[in-house]
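Undergrad:
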Amino acid sequence: MQNEGLKNIWAKYQKEIADDHYYYLRSCIRQNFFPGAEYYFLKILREVLGKDVYDDPRHTTCTGIGYHSDIVPFETIQTVVAREFALMTAAGYRNVAVSCVTSFGIYSEILETWREFPKELQKARENLWKATKREFEIPENIAHASDIIYKFRHQIAEKAKYKLVNTNTGKPLQIVEHIGCHYAKMFPVKGIGGAEFPQVLSGMIAAWGGDVVDYPERRHCCGFGFRQYLVQQNRGYSLSNSKKKLESMQPYEPDAIICNCPGCTMFLDRWQYTLYEMEGKRYGQNNESIPVLAYEELAALVLGFEPWNVGLQMHEINTESLLDKMGIAYNPDEKYLDKNKQPIGSFNKTGCLSCC
Amino acid sequence: MPTITERLAQDVRFKESINSCINCGVCTAICAAAEFYDYSPRQIAGIVQEGNEEKIIALLKSDTIWFCGQCMSCKTRCPRNNCVGIIIAVLRKISQEEGYFVESRMGRQQLLIKRNIGSTILKYGYCIHPEIVNPEYHPEQGPTWEWVYKNKEKVYERMNANLDKPGSGTLRKIEQDTLQELRDIFEVSGGVELFDKIEKYSFEKAAEMGLASNPDSMDNYVKYISNE
Amino acid sequence: MNKSIVVIGAGVAGIEVASILADMGYNVFIIEKNKNIGGNVAFWHHLFPNNRSAAEVREYMNQKIKVPNITLFPNTEVTDISQKKNVYVVRTNKDATFEVGAVLIATGFTPFDARRKEEYGYGIYDNVITSVDLEKKLERGENITTTQGMAPKRIAFVHCVGSRDAKVGHTYCSKVCCITGVKQAIEMSKMFPDAEMYCFYMDLRMHGLEYERFYKDAQENYNTQFIRGRVSEVSENKDKSIQLKAEDTLSGLPLKMKVDLLVLLVGMEQGKDSDKLCDILHLHKTPENFIQPQDPHLQGNVSSRQGVFIAGTCIQPMTINETMQNARSAALEINHYLLHL
Ligand code: SF4
Ligand code: SF4
Ligand code: SF4
């Protein structure tokens, strides 16, 4: 990899990201599977960076998963998005921070449609008014939550307690980044670094001391496929796409995978488990699996927040190998404790994957 | 009655997504579905470009349009600025509006998605809620998820979430007035209409197949399409 | 009658026009921004369709300008052109002023900047080069190896890089790259007889009489496979070899291939020079950003402005021999214009 070439591309795709005062829009998948990621995103913004973020209880799903699995019409999702904008407008905000790549793609597609076809915008305004008596302004700035972390990556680095460096060898950790198709493949100018060599995560990884692994299937989809995952019979599609990526990254022996999109984080985590159950195969160093983290979780770790508070116990693939390399202190006995330090249930390790 | 070809052209997304196809294969080369299924976005572009009504209707009745995973990788590099992923979305829309989707195995699955994601949206205000990710149907989620699922309250509390409670925060309960706004949006913008159509055509198909005698007894059909 | 002419650009077209007009007794001032003459031929190695050395063409050009009534101004750029009736006043960055009866634009083309096709990784992956890089290496007598110093065992050529592509704003065919690819595949095969060559094309535009023979020769004698599909994505393997993805559209299957060296057949585009002159002179351009002739059939060398003429690849992509012929017709057109003023 020649860095000059990358810099040349990155220079072309540096979009504007608001500096403060964000209206936060949550992600269905992220809050289900990685609730700590969203919690720590807000905490970092507010407490570490001193920013103002509004977390409005009244916003809802963007319905993006329904839209991309074709049970929600385009007109409906436009109106739902219009409602989110109306809430933002009413709260006195102009900048949106989106926690989900699918949503971010939806917002980009809809704004582009409204720009090209003002009649669609008109219709969305009318539908929203009819249904809710609300009105809205189009946000001045729409950022994916990772854009904001990217923007402040150097400030985070300055306050960091840990680096993406293997404390045993002193060498940078080898990190795979996965961006999520809807971040920039539809509209390359909306993503930091564009669609082919996105910088949004690699910028964070570099700022925090790690090395980015560029492997052949880097740009390939994780395989979510919406209906291809949602319908149980179709899941082979999803699995095989993740497998293709894992096989391609295996020779680089990555220390971790960092994801931009909540869905991808979940799939690259869960499918590693599934592939192990089905085929007995693992893709990381020493025949172990590769820890998969959301970038918010990574930021939280780097800043020194306690791993079990961040929510790493909700990952199927253990993350301890990464914590050990980074030199992060944690208490293994506290992994499965509740808020009052009491054990939460117990594990049933017998899945039924081979029979389903 | 406008023809199907005309109906396609009425959707603004369609206009933006097919100009003319040079048959270069750039889309198929990297399509996430093309390697897994017998599917080629290049051929989809070819069929809609040709505009032959019969061929398009045959397409709308086939499994083919349901193979795409909507990753939109085919948009980035097309030398003619097409986007087959979006063409597919429009084809699927019309397939459902016309009832063609029940003619294919993959198309029939729309009922499952409507009943799952569709009702979750209107019930919880989210596309996904921990409640619907039942480990029984999600073995791939693994033992950790099973642990989360069985101990939802405590796990989410530990994660500082606000599961099913009023106020803000992850997985908060979406209040009734907000859910009502969401339902009203679905009502005025065609969302409910689409749900109803999916149900109606699925029932008709179920009746035709002898798997249901009234719309409230679709269990056999659901079982059938879940396993076919 | 003003018997002086300014020719802008000392490439194949500019020099041919200059030498013919000089023969006819005109005074010709050639303004060239580079130190050397020859334009894009200056660094080229061998030319299709007969593999002759480009040096022979350069030598021809050198001889042609060695006449008293041609004056060459190297390292010089036009900064302004104004018109007083039938006289054009051309100013340069060296403070020279020429008052002439006609201006010829022969600014040629710029090879497409392959970095703009980000998915091909040019400037990022070591073993991705352009057709221009390959000619330069061959001309300098460098060994062709992978960046790891190995002899390539498999080389792929990507057609239409920066051409026929709305994404980079170039919808046209650059005309010369198909045959350049075939020529380079044969050259590489001669150099590495055991290596496999692959050309990824959408259409093979073998428009010259001998081109089809070249194509057949490549297939039959030089281990070259032609695959109908545009390359979609290029990435780097751990060993620095290159992975490419395309669809073999004739069999309808996506394919993934590992190659040691990837050559991007870059197309032609209009550079800043012709843009600047079009701005100064308010010339019409084609939607493809080339300079628009007054009439594509009958006045192919006449620009939209009286007294301003055009020749060579600033009009459209051309091969060298087409450029020669085009230049000769431009010379006649200029002569005709000046005689009838
Ligand atoms: S959007 Fe569909 S057609 Fe396009 S690349 Fe993805 S799976 Fe293939
Ligand atoms: S990439 Fe575009 S032009 Fe090429 S085959 Fe696909 S739709 Fe057609
Ligand atoms: S000559 Fe061949 S390679 Fe060049 S643009 Fe035309 S078709 Fe493409």
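Going down the list, the protein sequences come from chains H, B and F.
Just so you know, we're using this note's numbering here: the first sequence kicks off at 1 and counts up by one.
Just so you know, we're using this note's numbering here: the second sequence kicks off at 1001 and counts up by one.
Just so you know, we're using this note's numbering here: the third sequence kicks off at 2001 and counts up by one.
Think of the CB as a built atom: it goes at the ideal place given N, C-alpha and C, for glycine as much as any other residue.
At a CB-CB cut-off below 7 Å, which residues of chain F make contact with residue 1064(B)?
TA: Residues of chain F passing the Cβ test: none, with the nearest at roughly 13 Å.
Undergrad: I need the DSSP call for residue 144(H), collapsed to helix, strand or coil.
TA: strand
Undergrad: Measuring CB to CB, does residue 57(H) end up less than 8 Å from residue 2235(F)?
TA: no
Undergrad: Taking only the alpha-carbon atoms, compute the straight-line gap between residue 2118(F) and residue 10(H) and give it to the nearest angstrom.
TA: 11 Å
Undergrad: From the DSSP output, which residues share a beta bridge with residue 2070(F)?
TA: Beta-bridge pairing links residue 2070(F) to 2028(F).
Undergrad: Might you give, ordered along the chain, the residues of its own chain that have their beta carbon closer than 6 Å to the beta carbon of residue 2262(F), omitting 5 neighbours on each side?
TA: 2128, 2156, 2242
Undergrad: Is any heavy atom in ligand 1 found nearer than 7 Å to the beta carbon of residue 1073(B)?
TA: yes
Undergrad: Determine the extent of the beta strand (DSSP E) in which residue 2247(F) is found, giving its start and end residues.
TA: 2242-2248
Undergrad: Quick check: the Cα distance between residue 2206(F) and residue 1022(B), rounded to an integer number of angstroms?
TA: Each residue's Cα considered, the two are about 18 Å apart.
Undergrad: Quick one: is residue 1073(B) near chain H, going by C-beta distance under 8 Å?
TA: yes
Undergrad: Verify the CB distance criterion: does residue 2304(F) have a CB-CB separation below 8 Å to chain B?
TA: no
Undergrad: Enumerate in chain order the residues of its own chain whose CB-to-CB distance from residue 2079(F) is below 8 Å, with the five nearest sequence positions on each side excluded.
TA: 2091, 2092, 2093
Undergrad: Return yes when the C-beta of residue 1034(B) is under 7 Å from any heavy atom of ligand 1, and no when it is not.
TA: yes
Undergrad: Would you verify that the beta carbon of residue 1181(B) is, or is not, closer than 8 Å to some beta carbon of chain H?
TA: Yes, contact with chain H.
Undergrad: Going along the chain, which residues of its own chain have a beta-carbon closer than 8 Å to the beta-carbon of residue 77(H), five neighbours each way excluded?
TA: Here residue 77(H) has 62, 63, 64, 66, 67, 106, 110 as same chain residues with Cβ atoms under 8 Å from its own Cβ, once five neighbours each way along the sequence are excluded.
Undergrad: May I ask you to list, following chain order, the residues of the segment 238-249 of chain H that have a beta carbon less than 7 Å from some beta carbon of chain B?
TA: So the list reads 240, 241, given in the order they occur along the chain.
Undergrad: Would you verify that the beta carbon of residue 356(H) is, or is not, closer than 8 Å to some beta carbon of chain B?
TA: For residue 356(H), the pLDDT reaches just 35, beneath the cut-off of 50, and the residue's location in the model is therefore unreliable, leaving the point undetermined.
Undergrad: Please decide whether residue 2136(F) counts as near chain B, where near means a Cβ-Cβ distance under 8 Å.
TA: Taking Cβ atoms only, chain B never reaches closer than 8 Å to residue 2136(F), which makes this a no.
Undergrad: Between the Cα of residue 165(H) and those of 234(H), 208(H), 7(H), 213(H), spot the shortest distance and give me the residue it belongs to.
TA: 208(H)
Undergrad: Quick check on residue 1048(B) - is its C-beta less than 8 Å from some C-beta in chain H?
TA: no
Undergrad: Between residue 1070(B) and ligand 1, is there a pair consisting of the residue's CB and a ligand heavy atom that are separated by less than 7 Å?
TA: yes
Undergrad: Please list the partners that residue 1030(B) has in chain F, where partner means a Cβ-to-Cβ separation under 8 Å.
TA: 2232, 2233, 2245, 2254
Undergrad: Taking just the CA atoms, how far does residue 1077(B) sit from residue 1197(B)?
TA: Pairing residue 1197(B) with residue 1077(B), the inter-Cα distance amounts to about 36 Å.
Undergrad: Buried or exposed: where does residue 118(H) fall if 16 or more other Cβ atoms within 10 Å of its Cβ makes it buried?
TA: Of the other Cβ atoms in all chains shown, fewer than 16 fall within 10 Å of the Cβ of residue 118(H); this residue is therefore exposed.
Undergrad: Per DSSP, what are the beta-bridge partners of residue 259(H) in this structure?
TA: In DSSP, residue 259(H) forms a bridge with 178(H), 294(H).
Undergrad: How close, in whole Å, do the beta carbons of residue 2310(F) and residue 2293(F) come, if the pair is a contact with beta carbons under 8 Å?
TA: 7 Å
Undergrad: Between residue 2214(F) and residue 2025(F), what straight-line distance do the alpha-carbon atoms span, to the nearest angstrom?
TA: 41 Å
Undergrad: Excluding five sequence neighbours on each side, which residues of the same chain lie with their C-beta closer than 6 Å to the C-beta of residue 2212(F)?
TA: 2206
Undergrad: Can you list, in chain order, the residues of its chain with a C-beta nearer than 7 Å to that of residue 2151(F)? Leave out the 5 residues immediately preceding and following it.
TA: 2145, 2192
Undergrad: Rounded to a whole number of angstroms, what is the C-alpha to C-alpha distance between residue 180(H) and residue 221(H)?
TA: Residue 180(H) and residue 221(H) have their C-alpha atoms some 7 Å from each other.
Undergrad: Could you say which of 175(H), 184(H), 5(H), 197(H) lies nearest to residue 206(H) if we only look at CA atoms?
TA: For the residues 175(H), 184(H), 5(H), 197(H), the minimum Cα distance to residue 206(H) belongs to 175(H).
Undergrad: Of the residues 1223(B), 1226(B), 1205(B), which one's Cα is nearest the Cα of residue 1099(B)?
TA: 1205(B)
Undergrad: Thinking C-alpha only, which one of 273(H), 69(H), 193(H) is nearest residue 317(H)?
TA: 273(H)
Undergrad: If you measure from the CB of residue 1045(B), is any heavy atom of ligand 2 nearer than 7 Å?
TA: yes
Undergrad: Output, in chain order, the set of chain B residues within a Cβ distance shorter than 8 Å of residue 107(H).
TA: Within chain B, no residue comes near residue 107(H); the closest Cβ sits about 14 Å away, beyond 8 Å.
Undergrad: If you draw a straight line from the alpha carbon of residue 1028(B) to that of residue 1117(B), how long is it in whole angstroms?
TA: Spanning the two alpha carbons is a distance of roughly 29 Å.
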